[in-house]
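Peer 1: Before we start, here is the structure in question, set down as structure tokens.
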Amino acid sequence: MTSDASRAATTAAPNPAQDAAPPAPRARRSLGGLLRRPETGSLIGLAAVFAFFSFFGGADFLSAGGFASWLNVASELGIIALPVGLLMIAGQLDLSIGTILPASSMTVAIVSGRFGAPIVVGILASLALGLAVGYLNGALVVRTKVPSFVVTLATLFAVAGFTLGLSVILTGSTSVALTAPEPAKGLIGDYVGGKFQTSIFWWIGAVVVVEFVLHRSRYGNWILALGGDPVSARNAGIPVDRLTIALFMASGLCAAFVGMEQAILFNSAQVSAGQSFIFNSIIAVVVGGVLLTGGYGTVAGIVFGTMTFAIVNQGIFYTGFDANWASAIIGALLLAAVLMNNTFRNMAMSVAARPKA
Amino acid sequence: MPVPLLKLTNVNKSFGPIDVLHGISLEIFAGETLCLLGDNGAGKSTLIKILSGVHKPTTGAVEMDGAPLAFDSPRDAAERGIATVHQFGGTFPLMSIGRSFFVGAEPTRRVGPLRVFDRKTANETAVRAVRKLGITRIDDGDRLVGGLSGGERQALAIARAVHFGAKVLILDEPTAALGVKEAAHVLRIVLQARQSGIAVVFITHNVVHALTVGDHFAVLIRGAKAADFRKGEKSREEITDLMAGGEHMAELEAEIEGFNAAAGQAPEAVR
Amino acid sequence: MKLGKTIMAAALAASALAIGAGADFAQAKGAKIFVIGGKADDPFWSKVKKGADEAGLVAKANGGSVTWLGPANYDNLGPDAAKLIRTALSQHPDAIVGPDWVPAAEDDAFKAVVAAHVPLIVYNAGGMDAAKRLGAMNYVGSDEYVAGVGGGEYLGAHGVKHAICVNTLPGTSNIEARCKGIADGLAKSGGKTTELPLPSSNFGNPTAVAQAVKAALIKDKSVDALVAIGAGDADALATAIPQAGLADKVKLASFDMDEAGLARIKAGKQFFAIDQQPYLQGFLAVSLLNGYVDYGVDLPTRPVLTGPGIVDASNVDATLAGAKAGAR
Numbered sequence: 001m002t003s004d005a006s007r008a009a010t011t012a013a014p015n016p017a018q019d020a021a022p023p024a025p026r027a028r029r030s031l032g033g034l035l036r037r038p039e040t041g042s043l044i045g046l047a048a049v050f051a052f053f054s055f056f057g058g059a060d061f062l063s064a065g066g067f068a069s070w071l072n073v074a075s076e077l078g079i080i081a082l083p084v085g086l087l088m089i090a091g092q093l094d095l096s097i098g099t100i101l102p103a104s105s106m107t108v109a110i111v112s113g114r115f116g117a118p119i120v121v122g123i124l125a126s127l128a129l130g131l132a133v134g135y136l137n138g139a140l141v142v143r144t145k146v147p148s149f150v151v152t153l154a155t156l157f158a159v160a161g162f163t164l165g166l167s168v169i170l171t172g173s174t175s176v177a178l179t180a181p182e183p184a185k186g187l188i189g190d191y192v193g194g195k196f197q198t199s200i201f202w203w204i205g206a207v208v209v210v211e212f213v214l215h216r217s218r219y220g221n222w223i224l225a226l227g228g229d230p231v232s233a234r235n236a237g238i239p240v241d242r243l244t245i246a247l248f249m250a251s252g253l254c255a256a257f258v259g260m261e262q263a264i265l266f267n268s269a270q271v272s273a274g275q276s277f278i279f280n281s282i283i284a285v286v287v288g289g290v291l292l293t294g295g296y297g298t299v300a301g302i303v304f305g306t307m308t309f310a311i312v313n314q315g316i317f318y319t320g321f322d323a324n325w326a327s328a329i330i331g332a333l334l335l336a337a338v339l340m341n342n343t344f345r346n347m348a349m350s351v352a353a354r355p356k357a
Numbered sequence: 358m359p360v361p362l363l364k365l366t367n368v369n370k371s372f373g374p375i376d377v378l379h380g381i382s383l384e385i386f387a388g389e390t391l392c393l394l395g396d397n398g399a400g401k402s403t404l405i406k407i408l409s410g411v412h413k414p415t416t417g418a419v420e421m422d423g424a425p426l427a428f429d430s431p432r433d434a435a436e437r438g439i440a441t442v443h444q445f446g447g448t449f450p451l452m453s454i455g456r457s458f459f460v461g462a463e464p465t466r467r468v469g470p471l472r473v474f475d476r477k478t479a480n481e482t483a484v485r486a487v488r489k490l491g492i493t494r495i496d497d498g499d500r501l502v503g504g505l506s507g508g509e510r511q512a513l514a515i516a517r518a519v520h521f522g523a524k525v526l527i528l529d530e531p532t533a534a535l536g537v538k539e540a541a542h543v544l545r546i547v548l549q550a551r552q553s554g555i556a557v558v559f560i561t562h563n564v565v566h567a568l569t570v571g572d573h574f575a576v577l578i579r580g581a582k583a584a585d586f587r588k589g590e591k592s593r594e595e596i597t598d599l600m601a602g603g604e605h606m607a608e609l610e611a612e613i614e615g616f617n618a619a620a621g622q623a624p625e626a627v628r
Numbered sequence: 629m630k631l632g633k634t635i636m637a638a639a640l641a642a643s644a645l646a647i648g649a650g651a652d653f654a655q656a657k658g659a660k661i662f663v664i665g666g667k668a669d670d671p672f673w674s675k676v677k678k679g680a681d682e683a684g685l686v687a688k689a690n691g692g693s694v695t696w697l698g699p700a701n702y703d704n705l706g707p708d709a710a711k712l713i714r715t716a717l718s719q720h721p722d723a724i725v726g727p728d729w730v731p732a733a734e735d736d737a738f739k740a741v742v743a744a745h746v747p748l749i750v751y752n753a754g755g756m757d758a759a760k761r762l763g764a765m766n767y768v769g770s771d772e773y774v775a776g777v778g779g780g781e782y783l784g785a786h787g788v789k790h791a792i793c794v795n796t797l798p799g800t801s802n803i804e805a806r807c808k809g810i811a812d813g814l815a816k817s818g819g820k821t822t823e824l825p826l827p828s829s830n831f832g833n834p835t836a837v838a839q840a841v842k843a844a845l846i847k848d849k850s851v852d853a854l855v856a857i858g859a860g861d862a863d864a865l866a867t868a869i870p871q872a873g874l875a876d877k878v879k880l881a882s883f884d885m886d887e888a889g890l891a892r893i894k895a896g897k898q899f900f901a902i903d904q905q906p907y908l909q910g911f912l913a914v915s916l917l918n919g920y921v922d923y924g925v926d927l928p929t930r931p932v933l934t935g936p937g938i939v940d941a942s943n944v945d946a947t948l949a950g951a952k953a954g955a956r
């Protein structure tokens, strides 16, 4: 069991060497050990995509600037994809992130940019907004039993309406400038070395926290159980309602964080931003091997999926390809990744259920 | 006569204008298997739901250890030692054996200020509990439940109930989706559980399986108890005819069993 | 300058006549003009409305009126606009101004206006083509292509040789026209323009736009200007240039402008913005009709283009003042 224990300690980076160690009778199991992890599929996908763009993108893609290109995009998407992944594992969707993001951008820009309140107040107001919308989503899903797709679609539009309406009333404009003072700018929305966004470090922090929650704490077990079978989870004594609300609040908070970070980074907030995060976060999570219907997923997979999506999305601009085809490549990648994930998931099951001797 | 572990007296259940159960009285004793027999729609599932706290009876009394009782929720029932295992056993196919075993009651250990899920303990405990029931093929708690056969999942679910101190084990058609051999395994486990002093409520419409494990039988027809008898009081044919509402089922039943035996195995459980 | 004088004259006339309006009741009945436009709380249309309202002071002074009709929302724009046109026509107007957003839905209503011998000016959308087709007096508005050409020429005049037009909405015809205009305008001085279409998976995400543009700048070192198709994209492009280490070399231009863009122009971090000057669309359309109805004057210039107005370091202060007043 020692190799199993150490494997658990390195979920983020599966190490084949550890699996190769056990003696002969376990050899078959150690192969199963690697194949049993559906995120192996997303890791292979990530490696393939990276190799592809390294080949066609050349030295520029492999330079620090090239890494920054996709890491910057991956970091913001990743901060949102993590809680969206947790929600999907728990069997829920959150579309409202698409408008929580610009609502949060506008909040910090209006509070601190237009009305000149201290930046801390603007930051807290925008994060509070995300938590509030998340709470509303969660409470509505729990109370009404309406599918979260519909509930969050409704809040998506409602938040968009409030953001536009209030922005025009308060500022007469759909975009507001914001100049964040130090240290807020340097900590939240700036470039390290002129290239790497500070959001990369926030992303790493979020990965550590979510990895702990999903794979090391009992709450992770609750989330998996909730997505696997909500009725049994409730009967097993899991506070299903509170857990659901907490997960929606987490995704609201993370979307609000990215919106606020972008406003500080770009010194401006737009009412129309953020919509692409809805689909992109779902793509990243699904490419990362999370089951769309809930009940299964890993943080390592979500991180790989996010990186894969960001590389494909940005890598094309380092190749000589006509950028008109970028969407087609993203579509093909998504399909390939999901098929591969399914293959690996099935392999994981079939290895476990080998015929009786 | 010992005090029954669970006792239902004249229990009725109706959903609006529809009467689903009428006048059910049952006694369930520790270390005994009660087989609930009945065709589809006879009211078996409603009765299980009353026993497991999902529904409350419209009228009638439920007693546990001689004291009157009303469950507020399935959780309430579970805390009093009533465990229900459904047809497909493990309901979390994509969770590991160790994790699903401890859902809602995860063992944790302290690491600094954090409480960490103790995976090693969870896996070892789960594997040991299942192996105790004779399922030696399971040796790794990290395996996904979905990779187990239908019988193994039943065994895992029963092991879980036993581990958490179930006094009453309700098995809802545990053998219905299983092949002949797998079903035999599960029946053996049921006998094992009964032997350890647990009261087993075994729901089935397979008379052969019922006769193998049952001490006490109740037949439901259209929501009412049509017969209540102990082992050896009725023949297999009589019971089959009773379940079908008095029609002669023996021939058809035998024919089906014949097909089943010839095929060697029924379709695998859904995974 | 001529324009400035017109505005001043109008303002003077308005204030002077407003005082005497009550006393001069017997004067000839002024023009009753109906203006169909967007929602009044839409930031773009609020500027158009401000122009129409201020031109309306003259109409009012002459005993006339200007009435703004806008839809409650943009969910059903074509049919709603057609209804508004017919609403205006039913109130015996002296003249009507309207945008031809959705010709299929609106043209019948516009034809009814012309058939009733009510002077009509098409503005903001539709172009001179719509005005001719409908028999309208004139078209007042901008033309995306012409605006692009203006921007391209301005880039060429300031030494730009290779511009990238960053298209975050590929396949949208008015945006394609903007980029094509830039290319044709810059070509006049021998410069080259590359269009960079970004997939929809980047839309509304400034980070993704910035990183894609940075890659394009690194990839092709000959690029010395970036053109944003909108004010929001300009924020992203502004960060892409220093990330590529080209702050000294690459100039930034944008269609439309906002607070952050004007601040950049003032700080020297953006070269210029192309403005379609919505205030003028409302102001000129109403003024032309007012003059025609009251005095029979008719401007021979067709169409009347309100853009491109170039906002750069030389006029950014005046523009900021205009923005504060809600006219820009």
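Same order as they appear, the protein sequences are chains V, H and F. Using the working numbering, you'd call the opening residue of the first sequence number 1 and step up by one each time. Using the working numbering, you'd call the opening residue of the second sequence number 358 and step up by one each time. Using the working numbering, you'd call the opening residue of the third sequence number 629 and step up by one each time. Quick reminder that beta carbons are idealized off the backbone N, C-alpha and C, glycines included.
1) What residues from the segment 285-299 of chain V come within 7 Å of chain H, judged by C-beta to C-beta, listed N to C?
2) According to a CB-to-CB cut-off of less than 8 Å, which residues of the segment 327-340 of chain V neighbour chain F?
3) Which residues of chain H have a Cβ atom closer than 7 Å to the Cβ of residue 166 (chain V), listed in chain order?
4) Contact between the segment 152-165 of chain V and the segment 112-121 of chain V: three or more CB pairs below 8 Å?
5) Under a CB-based cut-off of 8 Å, is residue 651 (chain F) close to chain V?
6) List the residues of chain H whose Cβ lies closer than 8 Å to the Cβ of residue 41 (chain V), in chain order.
7) Could you tell me which of V:284, V:273 and V:110 sits nearest to residue 125 (chain V), measuring between CA atoms?
8) Report the CB separation of residue 574 (chain H) from residue 583 (chain H) in whole angstroms; it is logged as a contact under 8 Å.
9) Is it a yes or a no for the segment 260-269 of chain V touching the segment 239-248 of chain V, going by three-plus beta-carbon pairs under 8 Å?
10) Output needed for residue 54 (chain V): all residues of its chain with C-beta closer than 8 Å, excluding positions within five of it in sequence on either side, in chain order.
11) Rounded C-beta distance between residue 842 (chain F) and residue 872 (chain F)? I'm assuming under 8 Å.
12) Hey, could you find the ends of the beta strand (DSSP E) residue 175 (chain V) is sitting in?
13) Taking only beta-carbon positions, decide if residue 431 (chain H) is within less than 8 Å of chain V.
14) Determine whether the beta carbon atoms of residue 504 (chain H) and residue 481 (chain H) lie at a separation below 8 Å.
15) Spell out whether any CB of chain V is found under 8 Å from the CB atom of residue 491 (chain H).
16) Within the continuous beta strand (DSSP E) that includes residue 366 (chain H), where are the two ends?
17) Name the chain V residues that come within less than 9 Å of residue 414 (chain H), Cβ to Cβ?
18) What residue range does the alpha helix (DSSP H) around residue 720 (chain F) cover?
19) So, is residue 471 (chain H) buried or exposed, given that buried needs 16 or more other C-beta atoms within 10 angstroms?
20) Taking beta-carbon pairs under 9 Å, can you tell me which members of the segment 863-877 of chain F lie near chain V?
21) In angstroms, rounded to a whole number, what distance separates the CA positions of residue 934 (chain F) and residue 254 (chain V)?
22) From which residue to which residue does the beta strand (DSSP E) around residue 817 (chain F) run?
23) Our contact map puts residue 465 (chain H) next to residue 458 (chain H) with C-beta atoms below 8 Å; I'd like the distance itself, whole angstroms only.
24) In chain order, what residues of the same chain have a beta carbon less than 7 Å from the beta carbon of residue 361 (chain H), not counting five sequence neighbours either side?
25) Please confirm whether residue 686 (chain F) and residue 791 (chain F) have their CB atoms less than 8 Å apart.
26) Where does residue 425 (chain H) fall in DSSP's three states?
27) Taking Cβ to Cβ, would you say residue 156 (chain V) is nearer than 8 Å to residue 101 (chain V)?
28) Assign residue 188 (chain V) to buried or exposed, taking buried as 16 or more other Cβ atoms, counted over all protein chains shown, within 10 Å of its Cβ.
29) So what does DSSP say about residue 879 (chain F), is it helix, strand or coil?
30) Starting from the Cα of residue 717 (chain F), find the closest Cα among F:745, F:911, F:817 and F:781 and give me that residue.
31) Whose C-beta lies closer than 8 Å to the C-beta of residue 425 (chain H) among residues of the same chain, with five residues either side of it excluded?
32) Can you list, in chain order, the stretches of the alpha helix (DSSP H) that have 4 or more residues and sit fully within the segment 69-134 of chain V?
33) Please name the residue, chosen from V:317, V:85, V:332 and V:197, that lies closest to residue 278 (chain V) on a Cα-to-Cα basis.
34) Could you have a look at residue 430 (chain H) and say whether DSSP puts it in helix, strand or coil?
35) Of the residues that make up the segment 828-861 of chain F, which ones have a beta carbon closer than 7 Å to any beta carbon in chain V?
36) Within 8 Å, do at least three Cβ pairs link the segment 220-235 of chain V to the segment 72-83 of chain V?
Peer 2: A quick look at the data gives this:
1) 291, 295 and 296
2) 327 and 330
3) Result: empty, since nearest Cβ-Cβ is about 41 Å, beyond 7 Å.
4) no
5) Its pLDDT being 38, under 50, residue 651 (chain F) is placed unreliably in this model, and the value from its coordinates should be taken loosely. With 8 Å as the cut-off, residue 651 (chain F) does not count as an interface residue toward chain V.
6) Neighbours of residue 41 (chain V) on chain H: none; closest Cβ ~15 Å, over 8 Å.
7) V:110
8) Incorrect: roughly 11 Å between the Cβ atoms, too far for contact.
9) no
10) 61 and 62
11) 5 Å
12) 175-177
13) yes
14) no
15) no
16) 363-372
17) Per Cβ cutoff of 9 Å: no residues; residue 414 (chain H) is ~19 Å from chain V at best.
18) Looking at the DSSP string, residue 720 (chain F) is not in any alpha helix (DSSP H), and its letter there is neither H nor E.
19) exposed
20) 863, 864, 866, 867, 870, 871, 872 and 873
21) 43 Å
22) From DSSP, residue 817 (chain F) is part of no beta strand (DSSP E); its letter is neither H nor E.
23) Actually they do not touch by this definition, with Cβ atoms about 15 Å apart.
24) 384, 385 and 386
25) no
26) strand
27) no
28) buried
29) strand
30) F:745
31) 418 and 419
32) 97-108
33) V:85
34) coil
35) 828, 829, 830, 831, 832, 833, 834, 835, 836, 839, 840, 842, 843, 844, 846, 847, 859 and 860
36) no
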